[in-house]
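Colleague: Dropping the structure in here first, questions after.
2 protein chains.
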Amino acid sequence: MLNKSKIEVFFRNLQDKICTGLEEEDGKAKFIEDLWVREEGGGGRTRVIQNGNVFEKGGVNFSAVYGPCPDFLKKEAGIGDSNVEFFATGISIVIHPLHPFVPIIHMNVRYFEAGNVKWFGGGIDLTPHYIEAVDTRFFHTELKKICDLHNATYYPEFKKWADEYFYIKHRGETRGVGGIFFDRLSATSEISIEKRYEFVKAVGETFLAVYLPLVKKNRIRSFTPENRHWQLLRRGRYAEFNLVYDRGTKFGLQTDGRVESILMSLPPITHWEYNFIPLAGSPEAKTIEVLKSPVTWV
Amino acid sequence: MLNKSKIEVFFRNLQDKICTGLEEEDGKAKFIEDLWVREEGGGGRTRVIQNGNVFEKGGVNFSAVYGPCPDFLKKEAGIGDSNVEFFATGISIVIHPLHPFVPIIHMNVRYFEAGNVKWFGGGIDLTPHYIEAVDTRFFHTELKKICDLHNATYYPEFKKWADEYFYIKHRGETRGVGGIFFDRLSATSEISIEKRYEFVKAVGETFLAVYLPLVKKNRIRSFTPENRHWQLLRRGRYAEFNLVYDRGTKFGLQTDGRVESILMSLPPITHWEYNFIPLAGSPEAKTIEVLKSPVTWV
C-alpha cells in the first residue's frame with residue numbers, strides 16, 4: 001500500500017544523497033539550507049549551492065505541503081466542491097555549472113493526492129550549452145534503461161512529452177536535448193500506483209548516475225571566453241523558458257509560493273545580446289540546429 | 001482631423017531624434033538598424049545600441065503594421081465579426097545604462113485603430129538601480145508638467161496606473177519609481193481624439209528632456225564593484241517583470257512578433273543570486289523599501 005509519509009521520507013533522503021554527491025563532485029562549495037514553513041500546512045527544505053569549483057549555482061529543493069485543497073487544484077484534479085485535503089511532496093533540482101561544456105540539468109519528482117486522486121509526476125532533462133552527440137546518447141540511453149525496466153511504453157512516450165514540454169515557442173527551439181517528462185501518472189488496470197511509485201523512485205535515484213559522468217568528463221576540458229559568452233547567452237534562453245512557459249514556476253508564483261525557492265532555477269549570470277547569430281558551421285550553430293528539430297537519440 | 005499617416009511619420013521622426021540624442025550623449029556607440037517587414041502588412045525599424053560609454057544596451061523601436069484585424073484584437077476592441085482592417089504604430093524604448101547610478105528608462109507611445117475604434121496608449125517610467133529622491137522628484141515633476149498642460153486629471157490618474165502596472169506581484173515590489181502609464185485613450189465628450197494625440201506627441205517629445213539630465217548628472221559619479229553587482233541583481237527583477245507580466249512582451253510573443261525586437265528590452269548582463277538581502281540601512285535596502293510602497297513624489 002502507498003504510504004504518503006514513506007514517500008515524503010524517500011524524497012527527503014534522496015535530497016540528502018543528491019546534495020552529498022554534488023558537494024563531493026564540486027570539492028569546494030557546500031549547500032546552504034533554508035527551512036520554510038507553509039502557513040496552511042507543511043513546508044520545505046531549500047538547499048542552494050553557489051560559487052563552487054564546478055557548480056556556479058544550483059538548487060536541490062524538497063517540500064511536503066498539505067492542507068485544505070485550494071479550488072484551482074480541485075478543479076485540476078476533477079474533484080467536486082467537497083472539503084477535501086491535499087498532500088504534495090517532491091524534490092526539484094536545477095544545476096547551472098560554471099563550465100560551458102558541462103550541461104545544465106533539471107530533475108523533478110513529485111507526488112500529489114487529494115480525495116481519491118493519486119498522481120506521480122516528474123522527469124529529468126539536460127540542457128547542454130554545446131550539444132555533444134555522445135553525451136546526449138549516454139544520457140538518453142541511461143534514461144531508456146530505467147524506463148524499460150518498468151514499462152516498455154515509458155521511454156518513447158515520456159521522451160516525446162519532454163520534447164513537447166521543454167519547447168521555447170517564440171524561439172522555435174527546445175530548451176535543451178530533452179530527456180523524460182511525465183505527469184499525472186495514476187493507477188491503471190495494468191499499472192498499479194505502487195508500480196508508478198517504484199518507477200518514480202528509480203528516476204530520482206538515477207540522477208547522480210546520469211549526471212556525474214557528464215560533469216567529470218567535461219569539467220576538465222579547457223574553454224575560451226567565447227565559449228563562456230555562448231554559455232551566458234544560452235542561459236538567457238533558459239531564463240526565458242522558465243519565466244514564460246514553465247508550469248511549475250507559473251504555479252509557484254501565482255500561488256504565492258516561496259519566491260526564492262521557486263526562482264533558484266534562474267541562472268546566476270545571464271546575457272541577452274541583440275540578434276546574436278553564431279558563425280555558420282560553428283559548434284554554436286550546430287547546437288541551434290539540433291534544438292530546432294528534436295533528435296531520436298536512442 | 002486625425003491622419004494615420006501623419007501619426008506614423010511623427011513616430012518615425014521621433015525615433016530619429018531620440019536615437020541622435022542618445023548617440024550624442026553616449027559619445028561612442030551608434031545604433032544599428034534592422035528593417036523588418038510583416039507578411040500581412042507593414043513592418044518596422046528596430047534600432048539597437050550596445051557597448052557604449054554610457055549605454056550598455058538599448059533599443060528604440062519603431063513599427064507601423066496593418067492588415068486584416070486578428071480575432072483577438074477585434075475582441076479586445078469590442079468589434080463584431082466584420083472584415084475590419086487594423087492599423088497600429090508606435091515607438092518603444094528601453095535603455096540599460098552601463099553605470100549603476102544611471103537609471104533604466106522605458107517609454108512607449110502608440111496608436112491603434114480598427115473600425116470606429118481609435119486609441120492612444122503609452123507612458124514613460126524610470127527604474128533606478130539606486131533610488132535618489134531628488135532625481136525621482138525631477139522626473140515626476142517634469143511628467144506632471146507635461147500632463148497638466150493637457151489635462152489636470154492626467155498626472156494623478158496615469159501616475160497611479162503606472163504604479164499598478166509596473167508591479168512585480170511575486171516580489172511585492174514595483175519595477176521602479178513609476179512615471180505615467182495610460183492605455184485606450186479615445187475621444188470623450190470633453191477630450192477629442194486630436195487632443196489625445198497632442199498629449200501623446202508631448203509625452204514622446206519629452207523623452208530626452210527628462211532622461212538626459214539624469215544621465216549627465218549620474219554618469220560622472222564613481223562606483224564600486226558592489227554597486228555594479230547590485231545593478232545586475234536589479235536587472236534580474238527587470239527581466240522577471242518583462243517576461244512574466246509585461247503585456248507588450250506577452251502580446252508580441254503570442255502573436256509571433258519579431259522576437260529580437262520584442263526582447264531587446266532584456267538586460268545585457270543579469271544576475272540572479274539566491275536570497276540576496278542587502279544590509280539594513282544601506283542604500284540598497286532603502287531602494288527596496290521605496291519599491292515596496294509607492295511614493296507620492298510631487
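Chains as they are written, first to last, in the working numbering: chain U, 1 to 298; chain F, 1 to 298.
Don't be surprised by glycine CBs; every beta carbon is placed ideally from N, CA and C.
Just so it is clear, the structure is predicted and the values come from calculations on it, not from any experiment.
Can a CB atom of chain U be found closer than 7 Å to the CB of residue 271 of chain F?
Modeller: Yes, contact with chain U.
Colleague: Please go through the same chain and pick out, in chain order, the residues whose beta-carbon is closer than 6 Å to the beta-carbon of residue 104 of chain U, but skip the five residues on each side of it.
Modeller: Hits under 6 Å: 96, 127.
Colleague: Taking the beta strand (DSSP E) that residue 60 of chain F belongs to, which residues open and close that run?
Modeller: 55-68 is the extent of the beta strand (DSSP E) around residue 60 of chain F.
Colleague: With distance defined between alpha-carbon atoms, name the residue in U/46, U/181, U/52, U/190 nearest to residue 59 of chain U.
Modeller: For residue 59 of chain U, the nearest C-alpha among the options comes from U/46.
Colleague: Assign residue 256 of chain F to one of two classes, buried (16 or more other C-beta atoms within 10 Å of its C-beta) or exposed (fewer than that).
Modeller: That one is exposed.
Colleague: In chain order, which continuous runs of the alpha helix (DSSP H) of length 4 or greater are located wholly inside the region 128-163 of chain F?
Modeller: Here the runs fully enclosed are 133-150.
Colleague: How many angstroms separate the CA atom of residue 124 of chain U from the CA atom of residue 158 of chain F?
Modeller: Roughly 46 Å between the two C-alpha positions.
Colleague: At least one CB of chain F closer than 7 Å to the CB of residue 130 of chain U: is that the case?
Modeller: It does not: the Cβ of residue 130 of chain U has no partner Cβ on chain F nearer than 7 Å.
Colleague: Who are the near neighbours of residue 260 of chain F in its chain, counting only those whose CB is closer than 8 Å to its CB and skipping five residues on each side?
Modeller: Counting only Cβ-Cβ distances below 8 Å, and skipping sequence neighbours, we find 34, 46.
Colleague: For a contact defined as C-beta to C-beta under 8 Å, what are the partners of residue 266 of chain U on chain F?
Modeller: Ordered by position in chain F, the residues that pass the 8 Å Cβ test against residue 266 of chain U are 236, 272.
Colleague: Rounded C-beta distance between residue 136 of chain F and residue 177 of chain F? I'm assuming under 8 Å.
Modeller: So it is a contact: roughly 5 Å between Cβ atoms.
Colleague: With a threshold of 7 Å between beta-carbons, can residue 106 of chain F be considered close to chain U, or not?
Modeller: Answer no: the Cβ-Cβ gap between residue 106 of chain F and chain U never drops below 7 Å.
Colleague: Name the one or two DSSP bridge partners that residue 91 of chain U has.
Modeller: Per DSSP, U/62, U/109.
Colleague: Quick check on the burial criterion: 16 or more other C-beta atoms within 10 angstroms. Buried or exposed for residue 107 of chain U?
Modeller: Buried, since its Cβ has 16 or more Cβ neighbours within 10 Å.
Colleague: Starting from the Cα of residue 302 of chain F, find the closest Cα among F/286, F/209, F/199 and give me that residue.
Modeller: Because chain F here runs from 1 to 298, residue 302 of chain F falls outside it and cannot be looked at.
Colleague: At a CB-CB cut-off below 9 Å, which residues of chain U make contact with residue 231 of chain F?
Modeller: Under the 9 Å cutoff, chain U gives no residues; its nearest Cβ is about 13 Å from residue 231 of chain F.
Colleague: Buried or exposed, going by whether 16 or more other CB atoms sit within 10 Å of the CB of residue 182 of chain U?
Modeller: Buried is the call here.
Colleague: Looking at residue 134 of chain F: is its Cβ nearer than 7 Å to the Cβ of residue 122 of chain F?
Modeller: In this structure, residue 122 of chain F does not lie closer than 7 Å to residue 134 of chain F by Cβ.
Colleague: Mind checking if residue 259 of chain F is an interface residue toward chain U, Cβ cutoff 7 Å exclusive?
Modeller: Judged by the 7 Å Cβ criterion, residue 259 of chain F is in contact with chain U.
Colleague: Residue 200 of chain U and residue 138 of chain U - do their beta-carbons sit closer together than 7 Å?
Modeller: No, the Cβ-Cβ distance between residue 138 of chain U and residue 200 of chain U is not below 7 Å.
Colleague: Determine the chain U residues that contact residue 48 of chain F at a beta-carbon separation under 8 Å, and present them in chain order.
Modeller: Those within 8 Å of residue 48 of chain F in chain U are 274, 275.
Colleague: Using 10 angstroms around the beta-carbon of residue 196 of chain U, count the other beta-carbons present and answer buried if the total reaches 16, otherwise exposed.
Modeller: By the neighbour-count rule (16 or more Cβ atoms within 10 Å), residue 196 of chain U is buried.
Colleague: For residue 36 of chain F versus residue 43 of chain F, is the C-beta spacing smaller than 7 Å?
Modeller: The answer is yes: Cβ separation under 7 Å.
Colleague: Would the region 204-224 of chain U count as touching the region 154-173 of chain U if we require 3 or more Cβ pairs under 8 Å?
Modeller: No, the region 204-224 of chain U is not in contact with the region 154-173 of chain U.
Colleague: Starting from the Cα of residue 7 of chain F, find the closest Cα among F/193, F/223, F/217 and give me that residue.
Modeller: Taking only the C-alpha atoms, the option nearest residue 7 of chain F is F/193.
Colleague: For residue 46 of chain F, which three-state DSSP category applies?
Modeller: Of the three classes helix, strand and coil, the one that applies to residue 46 of chain F here is strand, per DSSP.
Colleague: Which residue or residues does DSSP assign as beta-bridge partners of residue 118 of chain F?
Modeller: DSSP lists F/113 as partners of residue 118 of chain F.
Colleague: Quick check: what's the CA-CA separation for residue 66 of chain F versus residue 73 of chain F?
Modeller: So the alpha carbons of these two residues sit roughly 12 Å apart.
Colleague: Under the three-state reduction of DSSP, which class applies to residue 39 of chain U: helix, strand or coil?
Modeller: Reduced to three states, the DSSP call for residue 39 of chain U is coil.
Colleague: Starting from the beta carbon of residue 170 of chain F, find every residue of chain U whose beta carbon is closer than 9 Å, and list them in chain order.
Modeller: The answer, in chain order, is 252, 253, 254, 256, 257, 259, 262, 263.
Colleague: Expressed to the nearest angstrom, what Euclidean distance is found between the alpha-carbon atoms of residue 88 of chain F and residue 185 of chain U?
Modeller: Taking the straight line from one Cα to the other gives about 47 Å.
Colleague: Step through the CB atoms of chain F and report whether any lies within less than 7 Å of the CB of residue 37 of chain U.
Modeller: No, residue 37 of chain U lies away from the interface with chain F (no Cβ there is under 7 Å from its Cβ).
Colleague: Exposed or buried, residue 32 of chain U, counting other C-beta atoms within 10 Å across all chains shown (16 or more means buried)?
Modeller: It is exposed - the Cβ of residue 32 of chain U has fewer than 16 other Cβ atoms within 10 Å.
Colleague: From the beta carbon of residue 291 of chain U, is the nearest beta carbon of chain F less than 7 Å away?
Modeller: Not closer than 7 Å to any Cβ of chain F, the Cβ of residue 291 of chain U fails to qualify, so no.
Colleague: Mind checking which residues open and close the beta strand (DSSP E) that includes residue 183 of chain U?
Modeller: Looking at the DSSP string, the run of the beta strand (DSSP E) that includes residue 183 of chain U is 178-185.
Colleague: 7 Å is my cut-off, CB to CB: does residue 298 of chain F come that close to chain U?
Modeller: Chain U contact via Cβ: absent.
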